Amino acid sequence: MITPLSDTALRDADLFSDETLADPYPLFAALRDIGPVVYLPRHDLYAVVRHAAVREAVNDPERFSSDHGIALNSTANDQILLDAVLASDGATHARLRRVLSAQLAPRAIAQLRASILEHAGELADRVVAAETFDAMHDLAVPFVTGVVTELMGLPSEGNSRLAGWADATFNIFGPDNERTRASLPHSHAMMQYLSQAAHRDQVRPGSWLHAIYQAADAGKIAESECLPLMTAYTVASIDTTIQAITNALRLLARHPQQWRDLREDPASLAPAAFRETLRYEAPIQALGRRITRDTELRGVPLPAGRQLWLLYGAAGRDRLQWGTDADRFDIHRPGTEQQLSLGDGPHLVAGNHLAAMEATAMLTMLAERAPHLALDTAAPPARRRLNNVLRGWTTMPLSVSHEPPPAAS
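If you're matching positions, the sequence shown starts at 100 in the numbering used here and goes up one per residue.
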């Protein structure tokens, strides 16, 4: 049951409090009950909370621009995200995105399938042999960072740091709060690392970073745009997929019948489980847009120059789109191709095919080896990572076995 928000509660609603970040869905439901777009005085922004409204906004960059609007603070918009592909629109966005279009195209990603499956299988063998493992640190982090650093042409010794830096960088998309300010040094550290480790004389020929330098040499992008482009693809390629894989394993561990179903038909249900996880627990909960002119969105008037906040996490639980059971995880759910957690339209995440292949490979390899997956109740409880934008975990202890766990007494 949705508890209606009073005028006072709406005025004080805080999207970035510890309480909301730990469990945002009650607030999202209350906001959706008000309408497709709701003004939040505390943050001075218009929150877009229904699926249809988010889809319309993300597909209309002329009215709702990423340029100087993707984040909720000026430091990120005016300095860190300057010249970034994520914070651009139109011809500039297309020009920057085109640099890695060949490397991220479905045909190119398909050629990676065998090596990705092999890497996933090696890690799955290891955790099944151990019987207990941390889905974050033993599977998702080494798997995703290993794949991405290899493709980018970065040295493998930077793997663990890149995951932490990428996680912190998502914080800077939020308002000017303590999390944002604490994350700024980590974001700068990542850019400093990339400026050194990804120097044009060090990156591997044929890698993503080599392609960026080739584009600069060909005059397709400016030299000053190389580092922001590297940073954008590093951030976008790592933590969203890490958290999506971790969330998928946690949810499947909590739904043993769905794990059994996955094991019986991984070819169709591994991709479906990934899409349902994105819908149910969007790893990127929200991103911003700047309203370019006086307009309206789904009947709600919006003034030029103000901030729009697209809540993918709220759209994923919208009952108008997903039915009355939208708050239930179900890998058999039809229509999950319509989830928006990886964006849509011109800002569809460029690496979405790679993310899907990575997640599908890991789910498939683990399902082939582990008849039973469960939360590890003997370990300390999983710890939620509170982030302004990224929804995920710091730890996620799980167990695997060939025998079903004992029934609860």
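Glycine included, C-beta positions come from ideal geometry on N, C-alpha and C.
Since we're looking at a predicted model, the values are computed, not measured.
Exclusion of the five residues before and after Ala-219 leaves Phe-242, Ala-460, Met-461, Met-464 as the residues of its chain whose Cβ lies within less than 7 angstroms of its Cβ. Ala-112 and Asp-106 have their C-alpha atoms roughly 10 angstroms apart. Comparing alpha carbon positions, the residue from Ala-190, Ser-165, Arg-482, Leu-144 closest to Thr-345 is Arg-482. The beta carbons of Arg-490 and Gln-342 sit closer together than 8 angstroms.
Here Arg-197 is not bridged, per DSSP, to any residue. No Cβ-Cβ contact shorter than 8 angstroms links Arg-416 with Ala-193. Under a 10 Å Cβ-count criterion, Gly-422 is classified as exposed, with fewer than 16 other Cβ atoms of the shown protein chains found around its own Cβ.
Ile-271 places its beta carbon less than 8 angstroms from that of Ala-170. Take the alpha-carbon of Asp-132 and the one of Gly-398: they are about 15 angstroms apart.
If you look at Asp-132, you'll find it in the alpha helix (DSSP H) that goes 124-133. Of the other Cβ atoms in all chains shown, 16 or more fall within 10 Å of the Cβ of His-150; this residue is therefore buried.
Between the stretch 221-234 and the stretch 436-448 there are fewer than three C-beta pairs closer than 8 angstroms, too few to call the two in contact. About 4 angstroms separates the CB atoms of Gly-252 and Val-302; that is less than 8 angstroms, so the two are in contact. The alpha helix (DSSP H) runs lying completely inside the stretch 300-353 and spanning 4 residues or more are 307-316, 325-353, given in chain order. For Asp-393, same chain residues with a beta-carbon under 8 angstroms away, outside a window of 5 residues either side, are Pro-400, Leu-401, Pro-402, Ala-403 in chain order. DSSP, read as helix, strand or coil, puts Pro-496 in strand. As a beta-bridge residue in DSSP terms, Ala-146 pairs with Val-137, Trp-408. Below 8 angstroms, too few C-beta pairs join the stretch 420-434 and the stretch 156-163 to call them touching: fewer than three. In the DSSP assignment, Ala-460 falls outside any beta strand (DSSP E) and within the unbroken alpha helix (DSSP H) covering 451-468. By the Cβ-count criterion, Glu-324 is buried, with 16 or more other Cβ atoms from all chains shown falling within 10 Å of its own Cβ. By a beta-carbon distance limit of 8 angstroms, Asn-487 does not contact Thr-333. Their separation comes to about 19 angstroms. Burial check for Glu-230: the Cβ neighbour count within 10 Å stays below 16, so the residue is exposed. Where Arg-359 is concerned, there is no enclosing beta strand (DSSP E), although the alpha helix (DSSP H) around it starts and stops at 355-363. In the structure shown, Ile-271 adopts coil according to DSSP, grouped into three states. A distance below 6 angstroms between beta-carbons, with the five flanking residues on each side excluded, links Glu-322 to the following residues of its chain, in chain order: Ala-315.
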